[in-house]
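Visitor: My structure is below; once you've seen it, I'll send some questions.
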Amino acid sequence: MFASGAWSRSCTPAAQEVHEAEGRHPEPTAGIIDAQSVKAAGSVPASSRNIDGGRKVNGRKRLIVVDCLGLLLAVMVTVVNVTDREAGGALLARLRKRYFRLMLVWADDGYTG
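Throughout the sequence shown, residue numbering follows the UniProt record's numbering, covering 1 to 113 in sequence.
Here it is, written out as structure tokens:
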């Protein structure tokens, strides 16, 4: 369901309705990106997890982009040793293809460079 894009297609109309109810354009113009390292369960294959040296977490990293209302725009899950900058660049490129009006995305220092 996630890889096929069905989840995204089902959420988009609801998000557009929320934007319109708030008196906004249905498409977001700004967003916020952040990443979180999370411990992986023992059943998660070693090939899809790693150690985040800075946070001492053996698991995965999830990157999330929300709009200014806090509505989910995009999610990406990677191994934790992929930098925020690398994964964020890929996620933002994917996001740009979907949200043409998105002009500004706030991020912390993990995405600089």
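In this text, a Cβ means the ideal position worked out from N, Cα and C, and glycines have one as well.
Note that this is a predicted model, so its numbers are computed, not measured.
Assuming R62 and V77 make a contact with CB atoms under 8 Å, what is their CB distance in whole Å?
Guide: To locate residue 62, count along the sequence shown from 1; it is residue 62. To locate residue 77, count along the sequence shown from 1; it is residue 77. Yes, R62 and V77 are in contact; Cβ-Cβ is about 5 Å, under 8 Å.
Visitor: Less than 6 Å between C-beta atoms, sequence neighbours within five positions excluded: which residues of the same chain meet that for F2?
Guide: Numbered from 1 along the sequence shown, position 2 holds the residue referred to as residue 2. Summary for F2: the model assigns pLDDT 47, below 50, so the residue's position carries little reliability; its value from the coordinates is reported in the next sentence. So no residue of the chain qualifies.
Visitor: Using beta-carbon positions only, say whether I33 and V105 come within less than 8 Å of one another.
Guide: Numbered from 1 along the sequence shown, position 33 holds the residue referred to as residue 33. Numbered from 1 along the sequence shown, position 105 holds the residue referred to as residue 105. Contact flag set, yes.
Visitor: Would you mind giving the Cβ-Cβ distance between R101 and H25, rounded to the nearest angstrom? I have them listed as a contact below 8 Å.
Guide: Position 101 of the sequence shown, counting from 1, holds the residue named residue 101. Position 25 of the sequence shown, counting from 1, holds the residue named residue 25. With a Cβ gap of about 7 Å, R101 and H25 count as contacting.
Visitor: Can you tell me whether D108 is buried or exposed, with buried defined as 16 or more other CB within 10 angstroms of its CB?
Guide: As a first step, residue 108 must be located in the sequence shown, where it is residue number 108. Looking at its Cβ environment, which holds fewer than 16 other Cβ atoms inside 10 Å, D108 is exposed.
Visitor: Would DSSP call A30 helix, strand or coil?
Guide: Mapped onto the sequence shown, residue 30 falls at position 30. The answer is strand: DSSP assigns A30 an E or B state.
Visitor: Under the three-state reduction of DSSP, which class applies to L102: helix, strand or coil?
Guide: Within the sequence shown, residue 102 is the residue found at index 102, counting from 1. Reduced to three states, the DSSP call for L102 is coil.
Visitor: With a threshold of 8 Å on Cβ separation, who are the neighbours of A30 within its own chain once the five nearest residues in sequence on each side are excluded?
Guide: Taking the sequence shown and counting its residues from 1, one reaches residue 30 at position 30. The answer, listed in chain order, is D67, C68, L102, M103, L104, V105 and W106.
Visitor: Let me know if A90 comes out buried or exposed under the rule of 16 or more other beta-carbons within 10 Å of its beta-carbon.
Guide: In the sequence shown, the residue the question calls residue 90 occupies position 90. Per the 10 Å Cβ criterion, exposed.
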